[in-house]
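Chemist: Quick note on numbering: the sequence shown equals residues 20 to 779 in my numbering. Below is the structure I would like to discuss, written out as structure tokens.
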Amino acid sequence: MEYIVSDISLKQETLLKNESIFSIANGYIGVRGNFEEGYLPGLNTIRGTYLNAFYDTIPIHYPETAYGYPHTIQRALNLMDSQGINIILDHSNVIPEVHRISEYSRTLDMKKGIVTRSYIYTTKKNETLRITFKRMTSFLQKELFIINLKVEPITYHGPITIESTLNGNIENYVNDSDPRVANGSSRLLTIDKIDATGCLSLQMQTANSDLSCACASDVVLSPETMEFSVDESAGHDTDKAFQSFSFEPGKTVELTKYNIYTDSLRHNDCLQDALKILSNCTERDFQYWEDEQKEYLTRFWENINISILGDLKIQNSLRFNMYQLLQSVGRDRFSNVSAKGLTGEGYEGHFFWDTEIFILPMFLLTMPEIAKNLLMYRYNILDFAKEKAKLLGHQKGALFPWRTISGPECSAFFPAGTAQYHISGDIAYAFISYFLVTEDVEFMYAYGAEIIIETARLWVQTGHEKDGVFRIDCVTGPDEYTAMVNNNYYTNAIAKFNLFWAWQIVDYFKRNLSVKKASSLLDRLDSSEEEINEFLEISEKMFLPYDESLDINPQDDSFLNKKPWDFENTPEDKYPLLLNFHPLTIYRHQVLKQADTVLSHFLLEDYAGNSTIKNSFNYYEKISSHDSSLSACIYSMMACKIGDFEKAYSYFLETARLDLDDTHGNTMHGLHMANLGGTYMTLAYGFAGLRIKQSGLFLSPVCPADWDGYNFTISYRQRKISITVSKHTAKITVDGEPLIINVFGTEHFINDFIDLPIPE
Ligand code: BGC
């Protein structure tokens, strides 16, 4: 069914994965798909509720330390659990034991924004009831997580008691043997206040970051159910509060549980505010919130207008990936999208370059105001980046943290962390892309230019000129299986672009605003014409490694001299390599975790010739493990670029189904956000050949052999542009002012629409 993801299995193997798949979130709260009524003892679950950017600070103890290492990291926290609803039938709790359950199904309806879980339960006396839970986190009221429960007796005629809980006895998920999740201490929040008068409420306090969070929870019985209610009670012990309701035997019970989460980053008095919001929200019934949610999502789907014709499964996978990004993306100045979004605890809730290079493009092309917010998040942490540049010995410039929540570096492993200087260039690249898509001059004047100039300064400070070329030593590129190298092609290329734009943006202001405004910007940033011209000069002198005999761009100065990895004798169970080999073993070989030079050839295709791009693709593909989920989408897009559409499609399938099929085996730690964004990119930049450059918009659509066609709509400079592709034709529609678009290599003035045959 369209817009539906469903599951009918209760097996342990799929339970943990499905907790991530059926996560619900609204950019602020995220709740994993755990069962309200709990599990049988012995069944593994990662029960989790998260608030975007809510963290604690944890000390790092290095047995051997060195100057400039971070001494604390931040970790996103698992908060008080408000999911709990116990159903008690004749003194016995309903626990989903496989042999007692039939007609089980769980469904995510992406048009409604609701997850429904339903089954028929058979009691020990062989009597039956239908139990249905519906849950959502509201896109309209960000603090609201709401659950609706219906218990319908079929042959069961005994008493029903429902107990709703709010549990402060929670901890974070840790695993000491997997570097992709947290290790060490798991219990990070302590209870400040607990109450069960009027409603349930809990306030909790972090150990070190001086933050608190609150949850207020209440149950409202449906009007029909109220008539059969015979008893109510409430209370709490040290860490758990509960409300309990009993009903006349044999009656259908329907109730709604409202949970309001707040935190001290966004609220002065989070507990009082939670209570106030709760009392407003409970005035409206579940249906009201359901209708509002549906309206929001109708607008979302209409706006992106994405379909795949002839392959419902892939269409749904693509929509699921986009929907999950919409759920996890932060919408305020504190928040962003962590590597696993709001769906799990992998990578400790940190924000990486994943946002700028893999996630932002979808929002930029569909909801630019969300993209702008993501960029503002970076602007707001600029001071941390400047401080960090100083710590690393640079006089000026901004070095953004490899991973962070509120701004400071949270990577304790600098070779694959802090050394990834490219993140500063990636952030500048994202600001430039935003400008190219929106022409938002005001934003660039107020914020963007500062980011671009501060990051450009970093390159001036980090590199040096030798033999007439500008070189950058001892950095790590995107590929984490090669570290601390000289002249990483990707880093040098993005630095070149960053430096060029630092000059270009000032030039743009001079020409389009005024010379006076441009010079007042330079004053504000303590810059000068001299500095800006130096940026241009260095950009032009930037060394981009090139190997003439292979006609490829080597990943760095030493890469081609290393020993190739012995893939033939590496058994399947030794992947991902990072879990089975010491980093030095990996660094000494030609082996890639993820796209590096090939990614640069996507982002900055004009820096290399077509034959170099093709040869590089073929060279790096053979030695790539794709151990990172950030790899397949790039290879898919670049396979399109070099005209290998079959290969492109097979990489596309990997990205589209990566979490749904758990192909990396760790979906239980949360969904792979960058890959979700990558799926959209493979459609737009891969199959539709979209490029957005200073010289305009480029398209070159093809239709994968397995599909009958596809369509999507993007926002571009106050217009909506729809791309509708069938087997042999591509139709481009411009809604708004006419536009010149380069399609299949030729410029077309498009007033309304254009229909073109797809070249053979
Ligand atoms: C990748 C990084 C990525 C991080 C978070 C790592 O496995 O190598 O490029 O930023 O995951 O997604």
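Yeah, the Cβ is synthetic: ideal placement off N, Cα and C, and Gly gets one too. For clarity, every value in this text was computed on a predicted model and none was experimentally measured.
Excluding the five sequence neighbours on either side, which residues of its own chain have a C-beta within less than 7 Å of the C-beta of P387, listed in chain order?
Modeler: Excluding positions up to five away in sequence, the list reads V456, T457, S734.
Chemist: Taking Cβ to Cβ, would you say G365 is nearer than 7 Å to R199?
Modeler: Result yes, Cβ atoms of G365 and R199 sit closer than 7 Å.
Chemist: Examine the ligand BGC and report whether any of its heavy atoms sits within less than 6 Å of the Cβ of D615.
Modeler: Flag unset: Cβ of D615 not near the ligand BGC.
Chemist: Looking at the unbroken alpha helix (DSSP H) that takes in C722, where does it start and where does it end?
Modeler: First-last for C722: undefined, no H or E at that position.
Chemist: Quick check: does the Cβ of A358 come within less than 6 Å of any heavy atom belonging to the ligand BGC?
Modeler: Checking every heavy atom of the ligand BGC against the Cβ of A358, one is found closer than 6 Å.
Chemist: Going by the beta-carbon positions, is the gap between E267 and T244 smaller than 7 Å?
Modeler: No; because the gap between Cβ atoms is not below 7 Å, this pair is not in contact.
Chemist: My parser needs the beta strand (DSSP E) runs of 3 or more residues fully inside the region 327–352; what are they?
Modeler: List check, beta strand (DSSP E) in window: nothing returned.
Chemist: Mind checking who Y140 pairs with in its DSSP beta bridge?
Modeler: Its beta-bridge partners are I120, L148.
Chemist: In terms of residues, what are the limits of the alpha helix (DSSP H) holding C659?
Modeler: Where C659 is concerned, the enclosing alpha helix (DSSP H) stretches over 651–660.
Chemist: Pull up the CB-CB distance for A707 and I742, whole angstroms please, since I reckon it's below 8 Å.
Modeler: A707 to I742, Cβ: 5 Å. Contact.
Chemist: DSSP three-state call for T301: helix, strand or coil?
Modeler: Reduced to three states, the DSSP call for T301 is coil.
Chemist: Could you tell me whether the region 696–716 touches the region 377–391, using the rule of 3 or more Cβ pairs below 8 Å?
Modeler: Yes, since at least three Cβ pairs between the region 696–716 and the region 377–391 fall closer than 8 Å, the two stretches touch.
Chemist: What residue from T147, D288, L284, E190 has the CA that sits closest to K212's CA?
Modeler: If we check each option's Cα against that of K212, D288 comes out closest.
Chemist: Any heavy atom of the ligand BGC closer than 6 Å to the beta-carbon of F433?
Modeler: No, since every heavy atom of the ligand BGC falls outside the 6 Å radius drawn around the Cβ of F433.
Chemist: Between the beta-carbon of I470 and the beta-carbon of L544, is there less than 7 Å?
Modeler: Cβ distance not < 7 Å, so I470 and L544 don't count as in contact.
Chemist: Count the other C-beta atoms from every protein chain shown that fall within 10 angstroms of the C-beta of E55, then say buried if there are 16 or more, exposed otherwise.
Modeler: Buried, by the Cβ-count rule.
Chemist: Excluding five sequence neighbours on each side, which residues of the same chain lie with their C-beta closer than 6 Å to the C-beta of G368?
Modeler: The residues are A95, S357.
Chemist: Following a CB-centred definition, is E16 positioned closer than 6 Å to any heavy atom of the ligand BGC?
Modeler: The first residue shown for the chain is 20 and the last is 779, placing residue 16 beyond what the model contains.
Chemist: Run the proximity test for D445: is its beta-carbon closer than 6 Å to any non-hydrogen atom belonging to the ligand BGC?
Modeler: Incorrect: D445 has no Cβ contact closer than 6 Å to the ligand BGC.
Chemist: Just checking S647 against the ligand BGC - is the residue's beta carbon closer than 6 Å to any of the ligand's heavy atoms?
Modeler: Yes, Cβ of S647 sits closer than 6 Å to a heavy atom of the ligand BGC.
Chemist: If contacts are defined as beta-carbon pairs under 8 Å, then I104 and K276 qualify, I think. What distance do you get, rounded to the angstrom?
Modeler: Their Cβ separation, rounded to whole angstroms, is 6 Å, which keeps I104 and K276 in contact under 8 Å.
Chemist: For the region 108–128 against the region 435–455, are there 3 or more C-beta pairs whose distance is under 8 Å?
Modeler: Segments in contact, no.
Chemist: Restricting to Cα atoms, I'd like to know which of V193, T374, G416 is closest to Y448.
Modeler: When only C-alpha atoms are compared, the closest one is T374.
Chemist: In angstroms, rounded to a whole number, what distance separates the CA positions of T765 and D592?
Modeler: Roughly 49 Å separates the two Cα atoms.
Chemist: Straight-line CA distance for Q523 to N552?
Modeler: Going from the Cα of Q523 to the Cα of N552 covers about 10 Å.
Chemist: Reducing DSSP to helix, strand and coil, say where P776 ends up.
Modeler: It is a strand residue.
Chemist: Take the Cβ of L108 as the centre, count every other Cβ of all protein chains shown within 10 Å, and call the residue buried at 16 or more, exposed below.
Modeler: Buried.
Chemist: Would you say R476 and K415 are within 7 Å of each other, going by their C-beta atoms?
Modeler: Yes. Within cutoff.
Chemist: Given a threshold of 16 other Cβ atoms within 10 Å of its Cβ, counted over all protein chains shown, does I653 qualify as buried or as exposed?
Modeler: Its Cβ being crowded by 16 or more others within 10 Å, I653 is buried.
Chemist: Check L70 in the structure and name its three-state DSSP category.
Modeler: Strand, per DSSP.
Chemist: Are there three or more Cβ pairs, one per stretch, closer than 8 Å when the region 169–181 is compared with the region 130–150?
Modeler: Short answer: they touch.
Chemist: Is the distance from the Cβ of Q609 to the Cβ of Y508 below 7 Å?
Modeler: Not closer than 7 Å, so no.
Chemist: Could you spell out where the alpha helix (DSSP H) holding V456 opens and where it closes?
Modeler: Element bounds for V456: 441–457.
Chemist: Could you say if the region 650–665 and the region 301–314 meet the contact criterion of at least three C-beta pairs nearer than 8 Å?
Modeler: No, the region 650–665 is not in contact with the region 301–314.
Chemist: Grab me the residues of M223's own chain with a C-beta within less than 8 Å of its C-beta, minus the 5 sequence neighbours each way, in chain order.
Modeler: For M223, where only same-chain residues beyond five positions count, the Cβ hits under 8 Å are L98, M99, G187, L208, T209, I210, D211, S231, C232, A233.
Chemist: Is DSSP giving Y58 helix, strand or coil here?
Modeler: Correct three-state label for Y58: coil.
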